[in-house]
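Residue numbers (the numbering used here): 4 to 134.
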């Protein structure tokens, strides 16, 4: 084996765009830095942000939004017409009303033990049977 087989030399000057133009790399660096300047400035601004700066920036948006939401809630609370109290019923009142006003059948107090889905279906069947 010769030394040439172990260390092949390939001429890379053909791949170098600055081989024939001596100012190529300095122009290339200037163009890259100029194109990256806005992104570098943005990153520099965010590098200086502290937690208090972040909280203050959020508070500028959140405080007015919270005030507007509270005002809208107050308007809805004070200016909505009241519904008659008889139109609102709890579940217990509804079940009691169904047993007293309906045919008088009460819901079974105990359902057979089993999986939760079966118990839920038995409850629904019992409620539907009262109507």
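Heads up, the beta-carbon is just placed ideally off N, CA and C, and yes, glycines get one too.
Roughly how many whole angstroms lie between the Cα atoms of residue i and residue j?
| i | j | result |
| --- | --- | --- |
| residue 16 | residue 24 | 12 Å |
| residue 72 | residue 31 | 54 Å |
| residue 63 | residue 124 | 51 Å |
| residue 114 | residue 80 | In this prediction, residue 114 has a pLDDT of 49, which is less than 50 and means its spatial position is unreliable; nothing more can be read from the coordinates. |
| residue 58 | residue 66 | 11 Å |
| residue 83 | residue 76 | 11 Å |
| residue 68 | residue 126 | 45 Å |
| residue 51 | residue 38 | 22 Å |
Can you give the beta carbon distance from residue i to residue j, rounded, assuming they're within the 8 Å contact cut?
| i | j | result |
| --- | --- | --- |
| residue 33 | residue 27 | 11 Å between Cβ atoms; not a contact. |
Worksheet item: What are the start and end residues of each continuous alpha helix (DSSP H) run of 4 or more residues lying completely inside the segment 20–61, in chain order?
Response: 27–50
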